[in-house]
Amino acid sequence: MRTEVVSEPGAPDRPNEDFAGVGLPASGQGGCVIVLDGVTPPKDGTGCLHSVPWFTARLGGALTELTVSAADLTLREILERAIRRTADAHSDTCDLSHPRTPQATVVLTRWSEDTVEYLVLSDSALLLRSPDGTVTPVLDDRLDRVPRSSLATDAIADATVRNREGGFFTAAADPSVAARAVTGSVPRHRVGALTALTDGATRWTEKFHEGDWAALFDVVRKEGARALVERVRELEAADREKRAFLRRSKTHDDATVVHVEF
608 MRTEVVSEPG APDRPNEDFA GVGLPASGQG GCVIVLDGVT PPKDGTGCLH SVPWFTARLG
668 GALTELTVSA ADLTLREILE RAIRRTADAH SDTCDLSHPR TPQATVVLTR WSEDTVEYLV
728 LSDSALLLRS PDGTVTPVLD DRLDRVPRSS LATDAIADAT VRNREGGFFT AAADPSVAAR
788 AVTGSVPRHR VGALTALTDG ATRWTEKFHE GDWAALFDVV RKEGARALVE RVRELEAADR
848 EKRAFLRRSK THDDATVVHV EF
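Each step along the sequence shown adds one to the number in this note's numbering, with nothing skipped, and position 249 is 856.
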């Protein structure tokens, strides 16, 4: 098995809010990938004393430990327990009911000799490539289906669609959100490789339309994860003035890619 991990902040003077982890049990059988994209907080605060990187490190660490050690739990149960564990770590000092309490998107995948399981929550992505070369994206597209008017301002989004029915969901302080995640499994022999990405890396396909998911996967497989991030950075720089894609709020975003070949 070969793994590659690249995670780059959107700006050198701003901390990376993403988390990436690969877990390989001591048994030598199976493994897992965890990718989180921390949600950049608004300027008026989150009701929390802690930063988004603090939150993603805590949640990511809990997900890694539970996914490796608790094979009897489903991925939804693992996410639920990890969210609860992270919330308990700062519930005495922070207002976890605030709509912008630190939160993140989630990609979680676990494999054994027989099965590849997956969980996706919000707009990060998981790509599964079969031995015949077919690339299947696993996506939670609820954010894409939210009316543009509901995202006009942070206040409107927080009041109407963030972690609400008819809107979209992220991993924040409510463990029950785990039930909203997109989950499934495929036989292990049907997956030859996989790639997990935050939306800072999926911009190559989703925002700049340079190629479909299969083409993006080929860039990572043939040229490496860093090559994909570098391509995105070049496109972002060229688009800095045009701002052609109106839903892109930042010129550069944190970009994380984890690639695994079995």
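The beta-carbon is built from N, C-alpha and C at its ideal position, and this holds for glycine as well.
- Within the segment 620 to 647, the complete beta strand (DSSP E) runs of at least 3 residues fall at 625 to 630, 638 to 645.
- With respect to the C-alpha of V784, the residue from R665, M608, L682 having the closest C-alpha is L682.
- Nearest to P622 by alpha-carbon distance, out of A677, D819, T671, V646, is V646.
- Contact between the segment 710 to 718 and the segment 659 to 666 is established, with three or more Cβ pairs separated by less than 8 Å.
- When DSSP assignments are scanned along the segment 649 to 724, the uninterrupted stretches of beta strand (DSSP E) that are 3 or more residues long and fall wholly within it turn out to be 711 to 718.
- The Cβ-Cβ distance between V742 and F824 falls below 8 Å.
- When the beta-carbon positions are compared, C639 and R717 come within less than 8 Å of each other.
- By the Cβ-count criterion, K814 is buried, with 16 or more other Cβ atoms from all chains shown falling within 10 Å of its own Cβ.
- Shown here, H859 sits in coil according to DSSP, grouped into three states, outside any helix or strand.
- Secondary structure at S783: helix, using DSSP grouped into helix, strand and coil.
- Per the C-alpha coordinates, the member of D739, P632, E615 positioned closest to E624 is E615.
- Within the DSSP bridge table, the entry for P794 names T722 as partners.
- Using a Cβ distance threshold of 8 Å, W811 and V839 count as a contacting pair.
- Among the bridge pairs identified by DSSP, H866 is matched with E611, T802.
- One alpha carbon belongs to R707, the other to A779, and they sit about 8 Å apart.
- Under DSSP, the beta-bridge partners assigned to F775 are R769.
- Within the segment 726 to 767, the runs of alpha helix (DSSP H) that reach at least 4 residues and sit entirely inside it are, in chain order, 761 to 767.
- Inter-residue distance for C701 and V836 is about 35 Å (C-alpha atoms, whole angstroms).
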